[in-house]
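Undergrad:
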Amino acid sequence: MAATMVLQSYYINVVIILMVALTSCFKGTVAQRAFFVFGDSLVDNGNNNYLATTARADAPPYGIDYPTRRPTGRFSNGYNIPDFISQALGAEPTLPYLSPELNGEALLVGANFASAGIGILNDTGIQFINIIRIFRQLEYFQQYQQRVSGLIGPEQTQSLVNGALVLITLGGNDFVNNYYLVPFSARSRQYNLPDYVRYIISEYKKILRRLYDLGARRVIVTGTGPIGCVPAELAQRGTNGGCSVELQRAAALFNPQLIQIIQQLNNEIGSNVFMGANTRQMALDFVNNPQAYGFVTSQIACCGQGPYNGLGLCTPLSNLCPNRDEYAFWDAFHPSEKANSLIVQQILSGTTDYMYPMNLSTVLALDSKNT
Ligand SMILES: *[C@@H]1O[C@H](CO)[C@@H](O)[C@H](O)[C@H]1NC(C)=O
Ligand SMILES: *[C@@H]1O[C@H](CO)[C@@H](O)[C@H](O)[C@H]1NC(C)=O
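Each residue of the sequence shown is one higher than the one before, starting from 1 at the first, in full-length UniProt numbering.
#1: Compute every distance between the C-beta of SER349 and the non-hydrogen atoms of ligand 2, then say whether any falls below 7 Å.
#2: DSSP has PRO96 in a bridge; who is on the other side?
#3: Are the CB atoms of ASN359 and TYR79 nearer to each other than 8 Å?
#4: With DSSP run on the structure shown, which of helix, strand or coil describes ILE220?
#5: Under a Cβ-count criterion, where at least 16 other Cβ atoms within 10 Å of its own Cβ denotes burial, should GLY104 be classed as buried or exposed?
#6: By a C-beta neighbour count over all protein chains shown, 10 Å radius and 16 as the cutoff for buried, is LEU317 buried or exposed?
#7: Might you give, ordered along the chain, the residues of its own chain that have their beta carbon closer than 7 Å to the beta carbon of GLY350, omitting 5 neighbours on each side?
#8: Give the straight-line distance between the Cα atoms of ASP367 and ALA164, rounded to the nearest whole angstrom.
#9: Hey, could you find the ends of the beta strand (DSSP E) ILE168 is sitting in?
#10: In chain order, which continuous runs of the alpha helix (DSSP H) of length 4 or greater are located wholly inside the stretch 48-100?
#11: By a C-beta neighbour count over all protein chains shown, 10 Å radius and 16 as the cutoff for buried, is ASP213 buried or exposed?
#12: Using only alpha-carbon positions, find the residue among LEU108, LEU167, PHE175 that is nearest to GLY153.
#13: Return helix, strand or coil for CYS229, following the three-state DSSP convention.
#14: Three or more C-beta pairs closer than 8 Å, one from the stretch 73-93 and one from the stretch 328-340: is that the case here?
#15: Relative to the C-alpha of PHE128, which candidate in LEU51, GLN87, THR297, PRO256 has its C-alpha closest?
#16: Across the stretch 303-315 and the stretch 34-52, are there enough close Cβ pairs to call them in contact, namely three or more that are closer than 8 Å?
#17: Within this structure, are the beta carbons of ARG280 and ASP65 separated by less than 8 Å?
#18: Run the proximity test for SER368: is its beta-carbon closer than 7 Å to any non-hydrogen atom belonging to ligand 2?
#19: By Cβ distance, which residues of its chain are closer than 6 Å to GLN137, with the 5 residues on each side in sequence left out?
#20: What is the C-beta distance between GLY119 and ASN192, in whole angstroms, given that I count them as a contact (C-beta under 8 Å)?
#21: For ARG69 and ALA292, I'd like the C-alpha separation in whole angstroms.
#22: How many angstroms separate the CA atom of GLY125 from the CA atom of ARG218?
#23: Rounded to whole angstroms, what's the CA-CA distance from GLN299 to LEU247? Just pull it up for me.
#24: Quick check: what's the CA-CA separation for GLN257 versus ILE343?
#25: Under the criterion of a Cβ to heavy atom distance below 7 Å, does ASN272 qualify as lining ligand 2?
#26: Considering only heavy atoms of ligand 2, does any lie closer than 7 Å to the CB of MET282?
#27: Out of ALA57, PRO93, THR53, state which residue places its alpha-carbon closest to the alpha-carbon of PRO67.
#28: Quick one: what does DSSP say GLN32 is sitting in, helix, strand or coil?
#29: Which residues mark the beginning and the end of the alpha helix (DSSP H) in which LEU274 is found?
#30: Mapping the DSSP letters down to three states, classify PHE329 as helix, strand or coil.
#31: Going by C-alpha distance, which of GLY276, SER86, ASN162 is nearest ASN370?
#32: How far does the alpha helix (DSSP H) with LEU102 in it reach, from first residue to last?
#33: Any residue with its C-beta under 5 Å from a non-hydrogen atom of ligand 1 counts. Can you list them all in chain order?
#34: Within the present structure, is the beta-carbon of THR352 separated from the nearest heavy atom of ligand 2 by less than 7 Å?
#35: Quick one: is ARG56 buried, meaning 16 or more other Cβ sit within 10 Å of its Cβ, or exposed?
#36: Tell me ASN45's beta-bridge partners as DSSP assigns them.
The following block contains the structure:
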C-alpha cells in the first residue's frame, strides 16, 4: 500500500516535472519573435510546390547551394531574403503555409504565405493560374491565427502576432506579369503608366492597412527592385546591355509613392508600424558596380539561356555558372543567394537612404527595450 503511494507520488512528480518542462518549452518559443512573410517569388519559401501552377522552382539546379543541395521552391540557388532575415532573428527559416510540416510548435516560429507570380492586383499573373493571391494570403493569415489560438489560446496568439516581424514584397509582377506582359495589355490600354502606378499604390495601401488590422505591428515593405535591369529585360527590351527604360521608369514612379503611403499609414496609426526598404537602391548598388561586391557580372544570369542567360526558365538543361557567388542574378529575374544576403545586410543596418524611417537593427533594439 505504502509502496504504491510512493510510486504514485513519484509518477505525479514526474508528470509535474514534464508539464513544467513542456510549458517552459512552449513559453520559450513564444518569447522568440515570430516572422510572417507575404508576397511574390522574391520571398516564396515553397508554397507553389503545393499548387498546380507553372510558377515553380522545384527542379534542379534551384537549391544547388541550399544546405540540402536540393530544390525547395525558393527562387534562388540557396537562401532567399526571408531566410537571411530569419537568421538575423536567430530563428529557423519560415515554413511555407501549405507545408504539411507546419504544425504544432512549428507554427510558433511564424509562417510564409508568399506565392510566386502574384501581385497587388488580382489580374496579375493570371497566366500562372493557381497561385495564392494577396487577399487569399491574408485570409490564410487569419486561419493561421485561429490554428495557433487552439494551441496557446487567443491572448498569447494576439501577443505572438503583435510582437512578430512581418515582411511583404509586392509590385514587380504588376509590371512584368501584367502591364508589360504583352504589348497592348488590358491594363496598359486602360491606364497610362503614371495613372497605373497611382492605382496599384492605392490598392497596396488597402492591403497594408488590412495587415495592420490583422495584428501586424512591425512590417518591412520592400519596393520593387531595378526591374528594368534584370537579365530577362536586358535580353528582351534592353539596348546593348542598357536597362529597359520603360521598366526603370515604372520602378522610379512606384518606389517614392510607396514611401508616401508608408508615411501616411504610420501617421494615421501614430506609430512606426511600416518600414520601407529601398530594394531598388540596394540592388542598383551592385548592378552599377558589381566588382565592388565581388560579382563578375550583374548582367548575365547564372542559370538560363540566350542573351544574358535571360530567355526562358532556369532548368536542368540551362547554362549554369560554376560559382554562384560571382553572379548578382541567379536566374533571369531573381537575385543570387549572395545578392540576397547583401540586400538583407542593408535592411539590417542601412542608412535612411535604404531604410525608411529606420533599419531593422534599430527596430530590434527598440523592441527588445520595450519588453
Ligand atoms: C481581389 O479579389 C478579392 C476577392 O474576390 C476582392 O475582395 C478584392 O477586392 C479584389 N481586389 C481588387 C484590387 O480588385
Ligand atoms: C542602422 O543600423 C546600424 C547598425 O545596427 C546603426 O549603427 C546605424 O546607426 C543605423 N542607421 C540608421 C540610419 O538608423
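Just so you know, even glycine gets a beta-carbon here, dropped at the ideal spot from N, CA and C.
TA: A quick look at the data gives this:
#1: Reading the sequence shown from its first residue, position 349 is the one you call residue 349. Yes - ligand 2 has a heavy atom lying nearer than 7 Å to the Cβ of SER349.
#2: Counting from one through the sequence shown, the residue named residue 96 turns up at place 96. BP columns for PRO96 point to ASN112.
#3: Locating residue 359 in the sequence shown gives position 359, counting from the first residue. Locating residue 79 in the sequence shown gives position 79, counting from the first residue. A distance of 8 Å or more separates the beta carbons of ASN359 and TYR79.
#4: Here residue 220 corresponds to residue number 220 of the sequence shown, with the count starting at 1. ILE220 falls in the strand class under three-state DSSP.
#5: To locate residue 104, count along the sequence shown from 1; it is residue 104. Taking a 10 Å sphere around the C-beta of GLY104, we find fewer than 16 other C-beta atoms and assign the residue as exposed.
#6: Walking along the sequence shown from the start, residue 317 turns up at place 317. The C-beta of LEU317 has fewer than 16 other C-beta atoms within 10 Å across all chains shown, which makes the residue exposed.
#7: Within the sequence shown, residue 350 is the residue found at index 350, counting from 1. If we look at GLY350 and ignore the five residues flanking it on each side, its Cβ neighbours are ASN359.
#8: Here residue 367 corresponds to residue number 367 of the sequence shown, with the count starting at 1. Here residue 164 corresponds to residue number 164 of the sequence shown, with the count starting at 1. Across the structure, ASP367 and ALA164 are spaced so that their CA atoms are roughly 10 Å apart.
#9: As a working note, residue 168 is residue 168 in the sequence shown. ILE168 -> beta strand (DSSP E) spans 165-169.
#10: Whole alpha helix (DSSP H) segments, 4+ residues: 81-89.
#11: Here the question's residue 213 lines up with position 213 in the sequence shown. With fewer than 16 other Cβ atoms within 10 Å, it is exposed.
#12: As a working mapping, residue 153 is identified with position 153 in the sequence shown. From the listed residues LEU108, LEU167, PHE175, the smallest Cα separation to GLY153 is found for LEU108.
#13: Reading the sequence shown from its first residue, position 229 is the one you call residue 229. Reduced to three states, the DSSP call for CYS229 is helix.
#14: Yes, the stretch 73-93 touches the stretch 328-340.
#15: As a position in the sequence shown, residue 128 is number 128, starting the count at 1. Of the listed residues, the one whose Cα sits closest to PHE128 is LEU51.
#16: As far as the Cβ criterion goes, the stretch 303-315 does not touch the stretch 34-52, which means the pair count is below three.
#17: For the purposes of this step, residue 280 is taken as the residue at position 280 of the sequence shown. For the purposes of this step, residue 65 is taken as the residue at position 65 of the sequence shown. Contact flag unset, no.
#18: Sequence index remark: in the sequence shown, residue 368 carries index 368 (1-based). Flag unset: Cβ of SER368 not near ligand 2.
#19: Within the sequence shown, residue 137 is the residue found at index 137, counting from 1. Excluding residues within five positions, the ones whose Cβ falls inside 6 Å are PHE38, PHE113.
#20: Within the sequence shown, residue 119 is the residue found at index 119, counting from 1. Within the sequence shown, residue 192 is the residue found at index 192, counting from 1. Not quite, the Cβ-Cβ distance comes to about 19 Å (not below 8 Å), so this is no contact.
#21: As a first step, residue 69 must be located in the sequence shown, where it is residue number 69. As a first step, residue 292 must be located in the sequence shown, where it is residue number 292. Between ARG69 and ALA292, the C-alpha separation is close to 28 Å.
#22: By 1-based counting over the sequence shown, the position of residue 125 is 125. By 1-based counting over the sequence shown, the position of residue 218 is 218. Pairing GLY125 with ARG218, the inter-Cα distance amounts to about 28 Å.
#23: For the purposes of this step, residue 299 is taken as residue 299 along the sequence shown, with counting starting at 1. For the purposes of this step, residue 247 is taken as residue 247 along the sequence shown, with counting starting at 1. One C-alpha to the other measures close to 16 Å.
#24: Residue 257 sits at position 257 when you count from the first residue of the sequence shown. Residue 343 sits at position 343 when you count from the first residue of the sequence shown. If you draw a straight line from the Cα of GLN257 to the Cα of ILE343, it is about 21 Å long.
#25: Along the sequence shown, one-based indexing puts residue 272 at 272. Answer for ASN272: no, Cβ out of range of ligand 2.
#26: Residue numbering aside, residue 282 sits at position 282 when the sequence shown is read from its first letter. No - ligand 2 has no heavy atom lying nearer than 7 Å to the Cβ of MET282.
#27: Walking along the sequence shown from the start, residue 67 turns up at place 67. Ranking ALA57, PRO93, THR53 by Cα distance to PRO67 puts PRO93 first.
#28: Position 32 of the sequence shown, counted from the first residue, corresponds to residue 32. DSSP, read as helix, strand or coil, puts GLN32 in coil.
#29: In the sequence shown, the residue the question calls residue 274 occupies position 274. Residue 274 is actually Phe in this sequence, not Leu. PHE274 -> not in any alpha helix (DSSP H); beta strand (DSSP E) instead, spanning 274-277.
#30: Along the sequence shown, one-based indexing puts residue 329 at 329. Residue state, collapsed to three classes: strand.
#31: One-based indexing of the sequence shown puts residue 370 at position 370. When only C-alpha atoms are compared, the closest one is ASN162.
#32: Locating residue 102 in the sequence shown gives position 102, where the first residue counts as 1. It is not in any alpha helix (DSSP H) - LEU102 carries neither H nor E in the DSSP assignment.
#33: Those residues having their beta-carbon less than 5 Å away from any non-hydrogen atom of ligand 1 are, in chain order, ASN122, PHE135, GLU203.
#34: Within the sequence shown, the letter at position 352 stands for residue 352. Checking the Cβ of THR352 against ligand 2 gives yes.
#35: Along the sequence shown, read from residue 1 onward, the residue named residue 56 stands at position 56. Flag for ARG56 reads buried.
#36: Residue numbering aside, residue 45 sits at position 45 when the sequence shown is read from its first letter. None; ASN45 has no bridge partner.
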